[in-house]
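> After the structure tokens below, expect a handful of questions from me.
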Amino acid sequence: MYPAHKDMWSSVDWKYWRIWKIIYIPYWQIYGESMLEEFEENKDTSCTKIQSVWENNPSIERCNEYDWILVVITALYMLMSNLLLVNLLIAVFSYRFERVQENSEKLWRYLRYEVIMDYRTRIPAPLNLVIRPIFFIVSKCFKSINNLRNKKDNEDVKAAARE
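Just so you know, we're using full-length UniProt numbering here: the sequence shown kicks off at 1 and counts up by one.
If you want it as structure tokens, here you go:
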């Protein structure tokens, strides 16, 4: 990326080390920042840092002052805000999980109650082999007797209607 390795750690000024440029752009790209020109020193020739020139001539603008502490503070701000957002996301998901857990426990209790009430009226296993067929035969007999009574009652009603 940077073939001049001797310039990477130059002893001239630590602010201009190339390692900062290697770290700088990918760090800001993590946050989706693409307008890095605002943080950098303005290299445009239409501006000046001399106060008398930009005060007397309105067509010439004042150059922005570059300060590395601005970049550091902004980087820390972005880091802390992202940490807070991740913590907020974790809190929302844990609250949602607790609500789902509570609702699932209520549902489980209701279904367990249904199963208990269903098995409460059942006869234990060895006895149901003897009693169940007898109960089935008796219930069929009662149903047939009721059907005969209903037919007889219907015939009596029809006979009474004819008279």
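Even for Gly, the Cβ is constructed at its ideal location relative to N, Cα and C.
Please read all numbers here as calculations on a predicted model, not as lab measurements.
#1: Under DSSP, the alpha helix (DSSP H) around E65 begins and ends at which residues?
#2: Rounding to the nearest angstrom, what Cα-Cα distance links V119 and V92 in this structure?
#3: Nearest-angstrom Cα distance between E114 and W108?
#4: Going by the beta-carbon positions, is the gap between residue 201 and E61 smaller than 7 Å?
#5: Just to confirm my understanding: we take L83, look at its own chain, exclude 5 residues before and 5 after, and list those with CB closer than 6 Å. What are they?
#6: Since E33 is in the alpha helix (DSSP H), which residue starts that stretch and which ends it?
#7: Rounded to a whole number of angstroms, what is the C-alpha to C-alpha distance between I145 and V138?
#8: With DSSP run on the structure shown, which of helix, strand or coil describes T48?
#9: Tell me whether M1 sits in a helix, a strand or coil according to DSSP, three-state version.
#10: At what residues does the alpha helix (DSSP H) containing P133 begin and finish?
#11: Going by DSSP, which residues form a beta bridge with E61?
#12: Is M80 closer than 7 Å to Y31 when the C-beta atoms are compared?
Once the coordinates are examined:
#1: Element bounds for E65: n/a, residue is neither H nor E.
#2: A small fix is needed here, since residue 119 is Tyr in this sequence, not Val. C-alpha separation (whole angstroms): 41 Å.
#3: Taking the straight line joining both Cα atoms gives about 10 Å.
#4: What is shown of the chain runs 1 to 163, which leaves residue 201 out entirely.
#5: There are no such residues.
#6: Element bounds for E33: n/a, residue is neither H nor E.
#7: So the alpha carbons of these two residues sit roughly 11 Å apart.
#8: T48 falls in the strand class under three-state DSSP.
#9: Low confidence applies here, because M1 scores a pLDDT of 46, under 50, leaving its location unreliable; read the following figure in that light. Here DSSP, grouped into helix, strand and coil, assigns M1 to coil.
#10: Per DSSP, P133 belongs to the alpha helix (DSSP H) from A125 to R162.
#11: Per DSSP, C47.
#12: Going by beta carbons, Y31 and M80 fall outside the 7 Å limit.
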